[in-house]
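Student:
Protein chains: 2
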Amino acid sequence: MNELELIERIRKRAGRSPLALGIGDDCAIFRPRGGEDLLFTTDQMIEGTHFTRSLPAAAAGERALARSLSDIAAMGGEPRFCTAALAVPKRHERWIEEFFTGLLRLAKRTGAALAGGDLAHSEKIYCDVMVCGAVPRGQALRRDGARPGDAIFVSGRLGKSWTRPIRPRLALGIALRGRATSCIDLSDGLSLDLHRLCAASGAAAELARLPVANGSTLDRALHGGEDYELLFTLPPQYAAPRGTSRIGKIVRGAPGAVNFRGRPLAPRGYDHFARRD
Amino acid sequence: MNELELIERIRKRAGRSPLALGIGDDCAIFRPRGGEDLLFTTDQMIEGTHFTRSLPAAAAGERALARSLSDIAAMGGEPRFCTAALAVPKRHERWIEEFFTGLLRLAKRTGAALAGGDLAHSEKIYCDVMVCGAVPRGQALRRDGARPGDAIFVSGRLGKSWTRPIRPRLALGIALRGRATSCIDLSDGLSLDLHRLCAASGAAAELARLPVANGSTLDRALHGGEDYELLFTLPPQYAAPRGTSRIGKIVRGAPGAVNFRGRPLAPRGYDHFARRD
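Respectively, the protein sequence lines represent chains A and B. Residues -18 to 258 in the numbering used here are what the first sequence spells out, letter by letter. Residues -18 to 258 in the numbering used here are what the second sequence spells out, letter by letter.
(1) Quick one, which of GLY119(B), ALA66(B), LEU167(B) has its alpha-carbon nearest GLY205(B)'s?
(2) Under 9 angstroms, do ALA1(A) and PHE11(A) count as touching if we go by C-beta distance?
(3) What does ILE10(B) touch in chain A if you count any residue whose Cβ is under 9 angstroms from its own?
(4) Do the CB positions of ILE147(A) and ARG48(A) come within less than 9 angstroms of each other?
(5) List, from N- to C-terminal side, the beta strand (DSSP E) runs of 3 residues or more that fit wholly inside the region 7 to 82 of chain B.
(6) For the region 98 to 110 of chain B, which residues have a beta carbon sitting closer than 7 angstroms to at least one beta carbon of chain A?
(7) Determine the extent of the alpha helix (DSSP H) in which GLU(-16)(A) is found, giving its start and end residues.
(8) Check whether the Cβ of LEU151(B) sits closer than 8 angstroms to any heavy atom of the ligand GDP, and report yes or no.
(9) Return the residue from the list ARG244(A), PRO217(A), SER226(A), ARG(-10)(A) that minimises the CA-CA distance to GLY97(A).
(10) When we look at the beta-carbon of LEU199(B) and count the other beta-carbons within 10 Å, is it buried (16 or more) or exposed?
(11) Less than 9 angstroms between the C-beta atoms of LEU191(B) and LEU178(B), yes or no?
(12) Tell me which same chain residues have a C-beta within less than 6 angstroms of the C-beta of SER103(B), skipping the five on either side of it?
(13) Leaving aside the five residues before and after LEU153(B) along the sequence, list all residues of the same chain whose C-beta is less than 8 angstroms from its C-beta, in chain order.
(14) Between ALA45(A) and CYS113(A), which are expected to be in contact by the criterion C-beta below 8 angstroms, what is the C-beta distance as a whole number of angstroms?
(15) Along chain B, which residues have their Cβ under 7 angstroms away from the Cβ of PRO13(A)?
(16) Counting only Cβ pairs nearer than 7 angstroms, list the residues of chain A close to ILE165(B).
(17) Please return the same chain residues whose Cβ sits closer than 6 angstroms to the Cβ of ARG150(B), not counting the five positions on each side in sequence.
(18) Which chain B residues sit within Cβ distance under 9 angstroms of GLN218(A)?
(19) In this structure, how does DSSP classify LEU182(A) when only helix, strand and coil are distinguished?
(20) Is there at least one Cβ from chain B nearer than 9 angstroms to GLY29(A)'s Cβ?
(21) Suppose you measure from the CA of ALA66(B) to the CA of ASP99(B); what does that come to, to the nearest Å?
(22) Is the separation between the beta-carbon of GLU17(A) and that of PRO(-1)(B) shorter than 9 angstroms?
(23) Just checking: is the beta-carbon of ALA181(B) within a distance shorter than 9 angstroms of some beta-carbon in chain A?
(24) Using beta carbons (cut-off 9 angstroms, strictly below), is LEU316(B) in contact with chain A?
(25) Beta-carbon within less than 6 angstroms of ALA189(A)'s beta-carbon, same chain only, minus the 5 sequence neighbours each way: which residues are those?
(26) Out of ASP174(A), PRO236(A), ALA194(A), point me to the one whose CA is closest to ASP7(B)'s CA.
(27) Establish whether the CB of ILE147(A) and some CB of chain B are separated by less than 9 angstroms.
(28) Could you tell me if THR33(A) is buried or exposed, where buried requires 16 or more neighbouring beta carbons within 10 angstroms of its beta carbon?
(29) Please tell me whether ILE272(B) has its Cβ less than 9 angstroms away from any Cβ of chain A.
(30) Would you kindly work out how many angstroms separate the C-alpha atoms of SER182(B) and TRP143(A), rounded to a whole number?
(31) Who are the Cβ neighbours of GLU79(B) in its own chain at under 6 angstroms, not counting the five residues just before and after it?
(32) So, for GLU28(A): in the same chain, excluding its five sequence neighbours on each side, which residues have a beta-carbon less than 6 angstroms away from its beta-carbon?
(33) Return yes when the Cβ of ARG118(A) is within less than 9 angstroms of the Cβ of SER163(A), no when it is not.
(34) Between the region 182 to 207 of chain B and chain A, which residues of the former have a C-beta closer than 9 angstroms to a C-beta of the latter?
(35) Would you list, in sequence order, the uninterrupted alpha helix (DSSP H) runs of no fewer than 4 residues that lie entirely inside the region 173 to 235 of chain A?
(36) Which residues does DSSP list as the beta-bridge partners of ARG100(B)?
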């Protein structure tokens, strides 16, 4: 199978698309609706850094898209389309097909039509998935709007194993439009991502309690990455949305400072460029 | 330097942006203008496959963006913004900064504001650059509109060394809007890319002559990749646009078939997934 044939097979399986022109030309063509802002995010998934070959190809494809969809959810967006760049060792045509089986299954369920991409060879498996989402104009959830007095919430339970499928919290993100003062997805661990949200908002946070996943530990819930839950703030008059837990509140203080049960909590989550050696 | 500091340095150097929200949140926010179609393309550049370490970091950053800009040029688009995903070995902070020096220099010159991206670690250097461009609604140049009788043109000279900087033919692409019946950029070699254009258009081609780069050979001009010139067709009444050469014509025949000086020309350009071993 050569590249043209492989792309043609993926194109056929991608099915109907809301794009004006999908896979097969130099660019995909997207015709924006009026009154919408478009959201863009891109996430890499690299063999040896983010996953190992023990992850089946279809699960890898689903996960690669889900990571970017989680960023769209964090901004309150509805997915519109995605592009997938994939590099694999030689003789991995079957792996590529299974990767796209997983990616396209999630793409169809969430409305993120596959618009195009790029295939190449590399020694290790590498992929990069870009997703475009949409929100009504001016309604994107940002990480810089948390204010002292806001309550802090998190969806689901924290400290989950990275081998679980990611379920991007798209419906929750949409439901938070016009209500949440800030929102971020938990990809690098609560302590680091809450620090980022507070730093962007120029505020501090007091954490009180955490919903720890079954079989996990408080340390993993605080610092483990790859949870892909939403962390967000609401003004005090709102109750916790369904499926979420109130875990603390935003306070005045040094921007980015986080206290957990009265003690400073260092941002120890996953930083790709921190020195660990 | 940790990831936050590194991203902050890149963000500051990215400068003013036409985006509603640029680097630093879960997604970038882009507010489309009315009456435009948006173009999307993504291209990988991988150490060992597309370049070696003999290429300086700044040249690699410029080249990574230029490859995608060439696809925008081929559709007649004006660049609007880009995202850059980059993975490097540990202790490559300086390499990353120089990569972005090169990328941002070309981004500023062409209007492709850096909107966001992703940084990670990997053994080999890997990058994937996505570019969004815009065209007036319905005016994108596609590869499927060539008709028998159209003349075939190419910009510049062919068979150039891959070590030369890429100059994406953005002004030519814009000038071809409303005139060219088809257009494609030459990334994998003339014989393969002309075959693709003809196959998409359901037509065949007769090639007569080629503008060969100084010091190159006819074989490289026919089959070498990485030229990043535009190959396009015009109805017979048009003269060759400045800086381009008429190289043949579209004829009736088996879709995708190409003759060169009366003999069949096999598509031998670079196919990442063709078996070569």
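By construction, the Cβ of each residue, glycine as well, lies at the ideal position given by its N, Cα and C atoms. None of these values were measured; they are calculated from a predicted model.
Tutor: In short, the structure shows the following:
(1) Out of GLY119(B), ALA66(B), LEU167(B), LEU167(B) has the C-alpha closest to the C-alpha of GLY205(B).
(2) yes
(3) Residues of chain A with a Cβ closer than 9 angstroms to the Cβ of ILE10(B) are, in chain order, ASP18, LEU19, LEU20, PHE21, MET56, VAL116, ALA121, ARG123.
(4) yes
(5) 9 to 11, 17 to 27, 59 to 69
(6) GLY98, ASP99, LEU100, ALA101, HIS102, SER103, GLU104, LYS105, TYR107, ASP109
(7) -16 to -5
(8) The model on display carries no ligand, and the ligand GDP is accordingly not part of it.
(9) Of the candidates ARG244(A), PRO217(A), SER226(A), ARG(-10)(A), the one whose C-alpha sits nearest the C-alpha of GLY97(A) is ARG(-10)(A).
(10) Under this definition LEU199(B) is an exposed residue.
(11) The answer is no: Cβ separation not under 9 angstroms.
(12) ALA68
(13) ALA54, SER136, LEU211, PRO222, GLY224, THR225
(14) Actually they are not in contact, since the Cβ atoms of ALA45(A) and CYS113(A) sit about 16 angstroms apart, beyond 8 angstroms.
(15) For the C-beta of PRO13(A), the chain B residues within less than 7 angstroms are, from N- to C-terminus, PRO13, LEU19.
(16) What ILE165(B) touches in chain A: ASP7.
(17) ALA54, SER136, LEU211
(18) Under the 9 angstroms cutoff, chain B gives no residues; its nearest Cβ is about 25 angstroms from GLN218(A).
(19) The identity of residue 182(A) in the sequence shown is Ser, whereas the question assumes Leu. In the structure shown, SER182(A) sits in a helix (DSSP, three-state: H, G or I).
(20) Interface annotation, GLY29(A): in contact with chain B, CB-CB separation under 9 angstroms.
(21) 5 angstroms
(22) No. Outside cutoff.
(23) yes
(24) Examination of residue 316(B) is not possible in this model, given that chain B is present from -18 through 258 alone.
(25) Setting aside the 5 residues that flank it on each side, ALA189(A) is surrounded in the same chain by GLY229, each with a C-beta closer than 6 angstroms to its C-beta; the list follows chain order.
(26) The option with the nearest alpha carbon to ASP7(B) is ASP174(A).
(27) no
(28) exposed
(29) With chain B represented from -18 up to 258, any question about residue 272(B) goes unanswered, as that position is not in the structure.
(30) The alpha-carbon atoms of SER182(B) and TRP143(A) are separated by roughly 46 angstroms.
(31) ALA38, ALA39
(32) LYS105, ILE106.
(33) no
(34) Answer in chain order: no residues at all.
(35) 199 to 204
(36) First, the residue type needs correcting, since residue 100(B) is Leu and not Arg in the sequence shown. Paired residue(s): LEU67(B).
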